[in-house]
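J.:
Residue numbers (our numbering): 2 to 197.
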């Protein structure tokens, strides 16, 4: 277990996930992601296979009813499905149904916050990916890059509100569990992309 007794969530999770984040960024690879429409579609299917089961757990977690978070607005599996359909995937819903098995069967509040930290954080890098998709492949949010567009012009505000909310929603005793869940979430993505 990670020792975070003297840390608040944000500094602890940033420190503990930095290397995992870098590994995932290297593994997915911006140039590989935007090399061809086929490569991009394959990456979206991989993201969906991980994203969908994690979002299902979040929808069943204690976070679902927290008005300060607005979880439904943060869910992005539908954007992945829409992007795959726009790219001509004959059965994007089948891809979601064939998702990987999540590392947990349910999420308590600290774990859910750790998972959501990873998913919400991805919206920040998504802006760069969106630009590269448009430049290299002519794919825009309206033609298959809505997932990476995240919350659009609200990305920064949504990220800031998540961080502020998480600091108040997470009891001090739950920091280590939330950080461990964020690390496990990154490992789940790494496993999915290594086996693809």
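No residue lacks a Cβ here, since even glycine has one placed at the ideal position from N, Cα and C.
In its own chain, which residues sit with a C-beta less than 8 Å from the C-beta of residue 29, not counting the 5 before and 5 after it?
T.: Within the chain shown, the letter at position 28 stands for residue 29. Around residue 29: 44 and 194.
J.: Under three-state DSSP, which class holds residue 152?
T.: As a first step, residue 152 must be located in the chain shown, where it is residue number 151. Note: residue 152 maps to coil in three-state DSSP.
J.: Which same chain residues end up closer than 8 Å to residue 55 when comparing Cβ atoms and leaving out the 5 residues on each side of it in sequence?
T.: Walking along the chain shown from the start, residue 55 turns up at place 54. The residues are 103, 116, 120, 186 and 189.
J.: For residue 70 versus residue 64, is the C-beta distance shorter than 8 Å?
T.: Sequence index remark: in the chain shown, residue 70 carries index 69 (1-based). Sequence index remark: in the chain shown, residue 64 carries index 63 (1-based). A contact, by the Cβ cut-off of 8 Å.
J.: Quick one: what's got a C-beta closer than 6 Å to residue 82's C-beta in the same chain, skipping five residues either side?
T.: Along the chain shown, one-based indexing puts residue 82 at 81. 93.
J.: Under a Cβ-count criterion, where at least 16 other Cβ atoms within 10 Å of its own Cβ denotes burial, should residue 74 be classed as buried or exposed?
T.: Here residue 74 refers to the residue found at position 73 of the chain shown. The residue is exposed, with fewer than 16 neighbouring Cβ atoms inside 10 Å.
J.: Alpha carbon to alpha carbon, how far is residue 14 from residue 179?
T.: Working through the chain shown from its first residue, we reach residue 14 at position 13. Working through the chain shown from its first residue, we reach residue 179 at position 178. Their Cα atoms are separated by approximately 8 Å.
J.: Among the residues of its own chain, which have a CB less than 7 Å from the CB of residue 18, if the five just before and after it don't count?
T.: Position 17 of the chain shown holds residue 18. Only 183, 184 and 187 meet the Cβ criterion.
J.: Which of helix, strand or coil does DSSP assign to residue 142?
T.: Your numbering for residue 142 matches position 141 in the chain shown. DSSP places residue 142 in helix when its eight states are reduced to three.
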